[in-house]
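So the number in the working numbering is just where the residue sits in the sequence shown, counting from 1, plus 12. A virtual CB, placed ideally from N, CA and C, is assigned to each residue, including glycine.
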Amino acid sequence: MSVKQTQAALKAKQQLSAPEGVTPDVTGLGLRDALDILENKGFRVSVSGKGRVATQSFAAGKPYRSGQQILLILN
13 MSVKQTQAAL
23 KAKQQLSAPE
33 GVTPDVTGLG
43 LRDALDILEN
53 KGFRVSVSGK
63 GRVATQSFAA
73 GKPYRSGQQI
83 LLILN
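1. So, helix, strand or coil for Val38, using DSSP?
2. Please confirm whether Asn87 and Arg56 have their CB atoms less than 8 Å apart.
3. Please work out which residues of its chain come closer than 7 Å, Cβ to Cβ, to Ser78, disregarding the five sequence neighbours upstream and downstream, and give them in chain order.
4. CB Leu50 to CB Val38, shorter than 8 Å?
5. Name the one or two DSSP bridge partners that Gln19 has.
Right under this line is the structure:
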């Protein structure tokens with residue numbers, strides 16, 4: 013496992029434990045990890061592009077309601 017993959021795995025674990033109702037930061041993660049985190053938090057996820065998450069339409073740390081749509085731009 014590369015350093016980059018290890019860092020992404022650690023970030024994914026941290027975001028899974030983010031407080032409920034607070035948008036997690038999934039930038040830099042692969043699509044599979046980002047989807048797992050966001051869908052477990054109740055987001056409906058749309059995706060554009062390929063690769064890792066470059067931007068997300070909801071800012072990390074901001075409140076959200078379950079069922080809201082979030083757009084991930086991959087690069």
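Reading off the structure:
1. coil
2. no
3. Gly54
4. yes
5. For Gln19, which the question treats as bridged, DSSP gives no partner whatsoever.
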